[in-house]
Ligand code: KIV
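Numbering (the UniProt record's numbering), first residue to last: 1 to 263.
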């Protein structure tokens with residue numbers, strides 16, 4: 001079944017967990033699509049896992065278009081979600097629209113934009129013009145230099161209130177998904193309970209509508225630092241297909257993330 005924004009809202013309403021993995025090429029897009037992964041995220045994490053950079057900041061629009069095209073060719077049923085790279089949307093809603101349109105023309109069905117309530121105007125601008133938006137809040141990797149590292153967000157009550165406000169402002173602006181990265185599980189639950197939009201977590205506990213991880217992390221092939229929320233599904237699996245199936249099953253059954261993957 002072809003996945004679209006309505007499918008995601010229906011799954012969330014019915015309590016069926018949504019699975020998302022990052023994907024950067026056609027072969028893996030085909031494999032993940034066959035495994036029933038609902039959303040293929042062409043993440044700007046490709047800067048780190050494909051290009052060997054130490055952050056996502058160097059990734060360009062041309063690179064995102066190229067990888068979006070590769071993934072779109074392998075995605076028969078999955079929804080293709082592409083990251084807006086650093087510097088491609090922060091200037092104005094018009095700049096964001098021009099660049100989001102390039103990703104949609106390359107085969108994306110939705111774009112992901114990092115940032116909280118201050119991105120609400122841009123989100124509304126895109127949504128009103130036919131571009132579904134996934135809002136990314138909490139630990140937003142493009143802000144690594146402002147955060148001073150990859151740190152859990154929303155630990156103090158003030159920060160938690162700000163994240164709750166971000167989520168509701170973005171939901172009100174028409175976001176189709178709200179993705180939370182590295183926030184305490186209890187806060188992610190408050191966000192999910194407070195908005196009528198499906199939520200996706202990475203390091204955000206189990207009480208969200210779905211989960212995402214970086215493909216290279218679930219396959220245990222990324223040589224960099226392993227975050228607490230990562231699980232290597234290749235351990236004990238005899239093929240990549242089996243590892244991906246293990247991830248899908250664990251997310252659907254709510255056995256991933258476990259306590260040890262949460263904050
Ligand atoms: O680029 C990416 O892979 C992401 C995930 C970490 C959510 O944004």
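In this text, a Cβ means the ideal position worked out from N, Cα and C, and glycines have one as well.
query	result
Going by other Cβ atoms of all chains shown within 10 Å of its Cβ, with 16 needed for buried, is residue 233 buried or exposed?	buried
Going by DSSP, what residues sit across from residue 113 in a beta bridge?	135
Can you give the Cα-Cα distance for residue 28 and residue 71, rounded to whole angstroms?	8 angstroms
Assuming residue 149 is part of the alpha helix (DSSP H), what are its boundary residues?	Residue 149 -> no alpha helix (DSSP H), and no H or E assigned at all.
Compute the Euclidean distance between the alpha carbons of residue 197 and residue 171, then round it to the nearest angstrom.	6 angstroms
Helix, strand or coil for residue 1? Go by DSSP, reduced to three states.	coil
Tell me which residues share the same chain as residue 122 and place their Cβ nearer than 6 angstroms to its Cβ, disregarding the 5 neighbours each side in the sequence.	93, 96
At which residues does the alpha helix (DSSP H) containing residue 26 begin and terminate?	26 to 34
Please indicate yes or no: does the CB of residue 43 lie closer than 7 angstroms to some heavy atom of the ligand KIV?	yes
Is DSSP giving residue 140 helix, strand or coil here?	coil
Please report the straight-line C-alpha distance between residue 117 and residue 58, rounded to a whole angstrom.	25 angstroms
Helix or strand or just coil, what does DSSP make of residue 47?	helix
In whole angstroms, give me the CA-to-CA distance for residue 191 and residue 238.	37 angstroms
Can you give me the C-alpha to C-alpha distance between residue 103 and residue 137, rounded to a whole angstrom?	21 angstroms
Counting along the chain, where does the beta strand (DSSP E) carrying residue 210 start and finish?	210 to 213
Just the C-alpha distance for residue 259 and residue 16, rounded to the nearest angstrom, thanks.	20 angstroms
Cα separation between residue 155 and residue 213?	22 angstroms
For a quick check, are the C-beta atoms of residue 178 and residue 169 less than 8 angstroms apart?	no
Examine the ligand KIV and report whether any of its heavy atoms sits within less than 7 angstroms of the Cβ of residue 261.	no
How about residue 144 and residue 55: do their beta carbons lie closer than 8 angstroms?	yes
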